[in-house]
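Okay, so the sequence shown: first residue is 1 according to the UniProt record's numbering, each after it adds one.
We treat Cβ as the ideally placed atom computed from N, Cα and C, and that holds for glycine.
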Amino acid sequence: MSVENSLNQFEQLFQPYLHLRLSAYDNAKIVVAVLASQNKTYRVVECVSSAQLDTEQAVSQHGHYLVETDFGNIGCGRANGYQETIQLIDALQDIDLSSARELTVPVLNMQQVAFMCVETAHFDHC
Numbered sequence: 001m002s003v004e005n006s007l008n009q010f011e012q013l014f015q016p017y018l019h020l021r022l023s024a025y026d027n028a029k030i031v032v033a034v035l036a037s038q039n040k041t042y043r044v045v046e047c048v049s050s051a052q053l054d055t056e057q058a059v060s061q062h063g064h065y066l067v068e069t070d071f072g073n074i075g076c077g078r079a080n081g082y083q084e085t086i087q088l089i090d091a092l093q094d095i096d097l098s099s100a101r102e103l104t105v106p107v108l109n110m111q112q113v114a115f116m117c118v119e120t121a122h123f124d125h126c
């Protein structure tokens, strides 16, 4: 699949969630829910990243939640991050999948995802 097709598919599926700043684990739950609702295959892992994935654009090594899909890898943020974004990971970024540890993430239905997003929006403004 071409990079352009991968990006288009990613944006089409996740556009409603790209503005959110949640924990990496919550982002992983959203990604899994969206993919499961579309009957897409996926695998959730925690891996070591040496890529420029954080807002400071600094190269660093840290645990990172990643969802492997047919159209590319989706980054959910640093494992210890709490205001992370969902992003399609560029194939050129240095992500070491050899030491990846598979994670079990609950599969939420889309109504549960909507509630999680509303709950987060509410507490962000209190």
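Which of helix, strand or coil DSSP assigns to residue i
i, result
"residue 87", "strand"
"residue 80", "coil"
"residue 159", "Only positions 1 to 126 of the chain appear in the structure, and residue 159 is not among them; the question remains open."
"residue 97", "strand"
Buried/exposed call for residue i, threshold 16 Cβ in 10 Å
i, result
"residue 27", "buried"
"residue 19", "exposed"
"residue 67", "buried"
"residue 102", "exposed"
"residue 109", "exposed"
"residue 118", "exposed"
"residue 8", "exposed"
Residues that DSSP places opposite residue i in a beta bridge
i, result
"residue 45", "66 and 102"
"residue 73", "68"
"residue 22", "84"
Span of the alpha helix (DSSP H), counted from its first residue to its last, around residue i
i, result
"residue 39", "Taken as a continuous stretch (DSSP letters only), residue 39 belongs to no alpha helix (DSSP H), as it is neither H nor E."
"residue 9", "3-14"
C-beta neighbour in chain D for residue i, strict 8 angstroms
i, result
"residue 72", "In the structure shown, chain D cannot be found, because there is only a single protein chain."
Would you say the stretch 2-10 touches the stretch 21-36, given that touching needs at least three Cβ pairs under 8 angstroms?
-> Flag = no, the stretch 2-10 and the stretch 21-36 do not touch.
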